[in-house]
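Participant: Chains as they are written, first to last, in my numbering: chain A, 48 to 472; chain B, 27 to 330; chain C, 6 to 306.
Just so it is clear, CB atoms sit at the ideal spot from N, CA and C, and this is done for glycine as well.
Keep in mind it's a predicted model, so treat the numbers as computed, not measured.
(1) With DSSP as the reference, please indicate the residues paired to residue 359/A in a beta bridge.
(2) Check the Cβ of residue 149/C against every Cβ in chain B and list those closer than 7 Å, keeping chain order.
(3) To which residues of the same chain is residue 197/B closer than 7 Å at the C-beta, ignoring the five residues directly before and after it?
(4) Would you give the residue range spanned by the beta strand (DSSP E) that residue 304/A belongs to?
(5) What separation, rounded to the nearest whole angstrom, lies between the Cα atoms of residue 128/C and residue 167/B?
(6) Would you call the segment 255-271 of chain A and the segment 360-370 of chain A in contact, with 3 or more CB pairs under 8 Å?
(7) Which of the three DSSP states is assigned to residue 141/B in this structure?
(8) Which whole-angstrom value is the C-beta distance of residue 44/B and residue 139/C, which I expect to be below 8 Å?
(9) Of the residues that make up the segment 149-180 of chain C, which ones have a beta carbon closer than 7 Å to any beta carbon in chain B?
(10) From the DSSP output, in three-state form, read off residue 181/B for me.
(11) Below 7 Å between beta carbons: does that hold for residue 61/B and residue 173/C?
(12) Is there a Cβ of chain A sitting closer than 7 Å to that of residue 243/C, yes or no?
(13) Which same chain residues, not among the five before or five after residue 311/A, have their C-beta less than 7 Å away from its C-beta?
(14) Applying the criterion that 16 or more other CB atoms from any shown protein chain within 10 Å of the CB defines a buried residue, is residue 92/B buried or exposed?
(15) Counting contacts by CB-CB distance shorter than 7 Å, is residue 15/A in contact with chain C?
(16) On the three-state DSSP scale, how would you describe residue 160/C?
(17) I'd like to check one pair, residue 96/A with residue 110/A: are the Cβ atoms closer than 7 Å?
(18) May I ask whether a heavy atom of the ligand ATP can be found less than 6 Å away from the beta carbon of residue 386/A?
(19) Would residue 73/B pass as a contact of residue 285/B if the rule is Cβ separation under 7 Å?
(20) Should residue 107/A go down as buried or exposed, given a rule of 16 or more other Cβ atoms within 10 Å for buried?
(21) Would you say residue 139/B reaches chain A, if we count a Cβ-Cβ gap shorter than 7 Å as a contact?
(22) Between the Cα of residue 422/A and those of 154/A, 170/A, 140/A and 160/A, spot the shortest distance and give me the residue it belongs to.
(23) At which residues does the beta strand (DSSP E) containing residue 66/B begin and terminate?
(24) Does the segment 151-168 of chain A come close enough to the segment 445-461 of chain A that 3 or more CB-CB pairs lie under 8 Å?
(25) At least one CB of chain B closer than 7 Å to the CB of residue 195/C: is that the case?
(26) Specify the secondary structure class of residue 101/A as computed by DSSP and reduced to three states.
(27) What residues in its chain sit with their C-beta under 7 Å from that of residue 20/C, if we drop five residues either side in the sequence?
(28) The beta strand (DSSP E) that contains residue 37/B, what's its start and end?
(29) Starting from residue 102/B, follow the beta strand (DSSP E) in both directions and report where the run begins and ends.
(30) Taking any Cβ of chain B, which residues in the segment 217-234 of chain C have a Cβ under 7 Å from it, in chain order?
(31) Would you please verify whether the beta carbon of residue 142/A is less than 7 Å from any beta carbon of chain B?
(32) By a C-beta neighbour count over all protein chains shown, 10 Å radius and 16 as the cutoff for buried, is residue 78/A buried or exposed?
(33) Below 8 Å on the Cβ atoms is my guess for residue 95/C versus residue 89/C; work out the distance and round it to an integer in Å.
(34) Alpha carbon to alpha carbon, what distance is there between residue 463/A and residue 69/B?
(35) Could you check whether residue 248/C and residue 165/C sit closer than 7 Å to each other, using their CB atoms as the reference points?
(36) Give the secondary structure of residue 195/A by DSSP, where H, G and I count as helix, E and B as strand, and everything else as coil.
This is the structure we're talking about:
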């Protein structure tokens, strides 16, 4: 009996040792560049990786894709353990948080040496800027704009060539399309998903000169202004679309799973989405005429966009910082950015946006305009305030837009948001 | 002489036997110590600190615990919700499981088939099942909506995802669907330990059926039932994925469970110290609940 | 001479059911009712799973239709093609999951059997403590222990290793499986053990030749649950693995199914659920005989 036990224990320890040796993946070999990206960006990252490999003999690029919703978790864990990749590609909205935690190397000097330094998209650059130093390199842009179904507009008695240019026109259009029938939606957004809602709604508030967080200072942790009169006015406007049948409960329950709703099926009048969606629509032509306009403010001529997308950064403690920078420089260069643009992705260089990208068609030009005017909400608490399904922004959407008492909902959300901001001081 | 010394347990032989017994448990104990007890100890240590995932940690004593019980209203709300959920779902699962077990006992070719069908939802993971259910009850994209539409029945499915009580019921239905097969199987085993005549007699008597079940059959199954309840209650108290994915805590964090809140603290807000404190509190709650249940088992059969 | 009582009176005395003629029709009626009830219940249980299969056979355009369709208008294998596209890495995920799960099951069975044996058939001081310590692992969702666990694994050089993951899974399957095995061993009467010992068997032989066949049902039960839990686990695998080609199936599926802004690719999700289910159902079918009997041995006292 004892012999069996000892033998068993021996086998186990050998297994453990063997496992340990096997797990010793060689770290920081100078011939391998490790890149982490989110699964959204996996396709183009792998394409670029291949290009980069063929341009650099003897270099292997290892791309690891992490499920979107788990990128922060995984990266933060890796940081705390010191097990980081050479290059980290992450959602630009996450950047301020990690910048505030000193997760990334300072890129300011190296960036200044680039000859296209001043054509880099400001919105994205600012998200990774602290005290004048830059910590992220813009990589791909994904600006939000308003897509609408021209055929449905015509059917509803609206001018198909004119997308909404003010909040009022927006509500009018939504309600008109919603009136076409039970299965029709005027406008759809994922009210259960904070990041998604912010992506599509914040620009409309920005265009009017307002904001959900007061970013007038340079702070990475701006205070909230969810109960500001303009904010409340905006929410009341959205609520009037709910009351008028333009926005339905389909938006209320959508936690992001049905983002874009039924646009392709032709029963949705308008949806705000990003450039990625534009390339999808262009690749698989829709069964109706597509219109694209920038997101409007409450007065004619006001436009804005949420400039999302990915940025690149070099985590502190990366195995090969020099090789990492070489990649960052290459990824933002004409070569790579043009390749991205050809693939339907939006470049982060204002010069290329105008020339290569904008020239692909009027919809692309509209998108280019939106992108150049794009902003990112810069806050270390992006996840806690916006993305968190149990956070104040989502509550604001649910209780405010779909509820009965907008001011009360706004006040409650403001209080929660203030708590979050103060806990980050 | 040998008998008495065996009884007293002081002979070298009985000591050697005792050692053998202990050694048999050693591998399991070793693994548990390394990957449970040690991390657990680390976690208790972390709970006494303000320990953000990124950054410096500072010792703050019991502040996290104080915070859990005073300023963090959501935690207490989540514990209350978790308890309500457990109290509701445990009898539902038990009685449905019992019903199915009785149903499936019939000596018929169909029994094996039905047994498999009732158990099959259990084999999917909780996360996958939650996603599947989310699609299943989606008011726009899901099969339930499709059936309702085809039959011309208008159902308000929106409230299933956005309001507290319908949301709770929605999740309970989903969990029952998924888990009741497991309860059925365990209870089947327990029933098989009860002599057939007892059960048959209960059947025939009609109205007195319930009484017979409760006063005779169930007590005979006590060990199985306690085993079942310990796992069922522990599992329910630790419920997380189903609420995280289906109701997402709506409305207003009213359908957030305790572990959901712990996840939020540790993996969303990266406040590891606070998450650790909440986990310790849950652990204590669970240990107490389990101890109460195990005490119910005392005196029946060969147990310590 | 037997006194023949009227059937009703006879029934009152013996408690047996009344006239055989009534009994047979009643049986048939009951039988029919049973079958009907069974089919209805089975349909309810299977409906969501069947929907997963039909959903996986719908084209993406059809999945976006509002209102949703019941049956696929035109069968489309697109979701399946995408699932098995080598770039998506599903097969690698399956391979990794099989490795981790297989190892977990093997380790769990061996360790739980040994521990159950030791706890049930031997008296030693502290056996209660040992049992409680092992059981306590069930009282906490081990995902909250992930950060400390990753620290320990790093110290052991087992971070980012499939073997490390298997060890973690094994640890948290032990509570339930040790419980089952202990009960299984405890149910074996002393007489059997004594008889074997008297026959000249060593204790080891008794364990292997005599006990194991008797506790096989318990082993099957442990194997099934260890398999199911290891196969479907997501968060620990995500945090403890950093190499993409080591990712297990749940992670691969999650990556593929959840797209931009949390959009879910329903077709792919359905196909993924079906793929995930298949090995589990196979295991369940294979072990079913032992397993159902096993609950009897494990729980009946």
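Facilitator: This is what the structure gives:
(1) Locating residue 359/A in the first chain gives position 312, counting from the first residue. According to DSSP, residue 359/A bridges with 136/A and 184/A.
(2) Sequence index remark: in the third chain, residue 149/C carries index 144 (1-based). Within chain B, the residues near residue 149/C are 288, 292, 301 and 305.
(3) Stepping through the second chain from its first residue, residue 197/B is reached at position 171. Excluding positions up to five away in sequence, the list reads 268, 269, 272 and 273.
(4) Taking the first chain and counting its residues from 1, one reaches residue 304/A at position 257. Element bounds for residue 304/A: n/a, residue is neither H nor E.
(5) As a position in the third chain, residue 128/C is number 123, starting the count at 1. As a position in the second chain, residue 167/B is number 141, starting the count at 1. Each residue's alpha carbon lies about 59 Å from the other.
(6) no
(7) For the purposes of this step, residue 141/B is taken as residue 115 along the second chain, with counting starting at 1. Residue state, collapsed to three classes: helix.
(8) Along the second chain, read from residue 1 onward, the residue named residue 44/B stands at position 18. Along the third chain, read from residue 1 onward, the residue named residue 139/C stands at position 134. Between residue 139/C and residue 44/B the Cβ distance is about 18 Å, and since that is not below 8 Å, they are no contact.
(9) 149, 150, 152, 153, 154, 156, 157, 172, 173, 175, 176 and 179
(10) In the second chain, counting from the first residue as 1, residue 181/B sits at position 155. If DSSP states are grouped into helix, strand and coil, residue 181/B belongs with coil.
(11) Position 35 of the second chain, counted from the first residue, corresponds to residue 61/B. Position 168 of the third chain, counted from the first residue, corresponds to residue 173/C. It is a contact, given that the beta carbons lie within the stated cut-off.
(12) In the third chain, counting from the first residue as 1, residue 243/C sits at position 238. Chain A, which has a Cβ nearer than 7 Å to the Cβ of residue 243/C, makes this yes.
(13) For the purposes of this step, residue 311/A is taken as residue 264 along the first chain, with counting starting at 1. Cβ neighbours of residue 311/A beyond the five flanking positions: 333.
(14) On the second chain, position 66 is the one that residue 92/B refers to. Result: exposed.
(15) No information on residue 15/A is available, as it lies outside the stretch 48 to 472 that chain A covers here.
(16) Here residue 160/C is taken as the residue at index 155 of the third chain, counted from 1. Here residue 160/C sits in helix by DSSP.
(17) Indexing the first chain from 1 puts residue 110/A at position 63. Indexing the first chain from 1 puts residue 96/A at position 49. Against a cut-off of 7 Å, the Cβ pair of residue 96/A and residue 110/A comes out as a contact.
(18) This structure lacks the ligand ATP, and indeed carries no ligand of any kind.
(19) In the second chain, the residue the question calls residue 73/B occupies position 47. In the second chain, the residue the question calls residue 285/B occupies position 259. Not a contact, by the Cβ cut-off of 7 Å.
(20) Mapped onto the first chain, residue 107/A falls at position 60. Looking at its Cβ environment, which holds fewer than 16 other Cβ atoms inside 10 Å, residue 107/A is exposed.
(21) Position 113 of the second chain holds residue 139/B. For residue 139/B, the answer is no, since every Cβ of chain A falls outside 7 Å of its Cβ.
(22) Looking up residue 422/A in the first chain gives position 375. Selected option, being the one with the closest Cα: 170/A.
(23) If you number the second chain from 1, residue 66/B lands on position 40. Counting along the chain, residue 66/B falls outside any beta strand (DSSP E), though it belongs to the alpha helix (DSSP H) covering 64-73.
(24) no
(25) The sequence position of residue 195/C within the third chain is 190, counting from 1. Chain B, which has no Cβ nearer than 7 Å to the Cβ of residue 195/C, makes this no.
(26) To locate residue 101/A, count along the first chain from 1; it is residue 54. Reduced to three states, the DSSP call for residue 101/A is helix.
(27) By one-based count along the third chain, residue 20/C stands at place 15. The predicted position of residue 20/C is uncertain, since its pLDDT is 47 and thus under 50; a value taken from the coordinates is nonetheless stated next. Correct list: empty, nothing qualifies.
(28) Here residue 37/B is taken as the residue at index 11 of the second chain, counted from 1. No beta strand (DSSP E) contains residue 37/B, which DSSP labels as neither H nor E.
(29) Position 76 of the second chain, counting from 1, holds the residue named residue 102/B. First-last for residue 102/B: 99-130, but that is the alpha helix (DSSP H), not the beta strand (DSSP E).
(30) 233
(31) Mapped onto the first chain, residue 142/A falls at position 95. Not an interface residue.
(32) The sequence position of residue 78/A within the first chain is 31, counting from 1. The residue is exposed, with fewer than 16 neighbouring Cβ atoms inside 10 Å.
(33) Position 90 of the third chain, counting from 1, holds the residue named residue 95/C. Position 84 of the third chain, counting from 1, holds the residue named residue 89/C. Sure, about 6 Å apart at Cβ, within 8 Å.
(34) Here residue 69/B refers to the residue found at position 43 when the second chain is read from its first residue. Here residue 463/A refers to the residue found at position 416 when the first chain is read from its first residue. Those two C-alpha atoms are separated by around 28 Å.
(35) For the purposes of this step, residue 165/C is taken as residue 160 along the third chain, with counting starting at 1. For the purposes of this step, residue 248/C is taken as residue 243 along the third chain, with counting starting at 1. Cβ atoms of residue 165/C and residue 248/C: closer than 7 Å.
(36) Counting from one through the first chain, the residue named residue 195/A turns up at place 148. Looking at residue 195/A - three-state DSSP - the assignment turns out to be strand.
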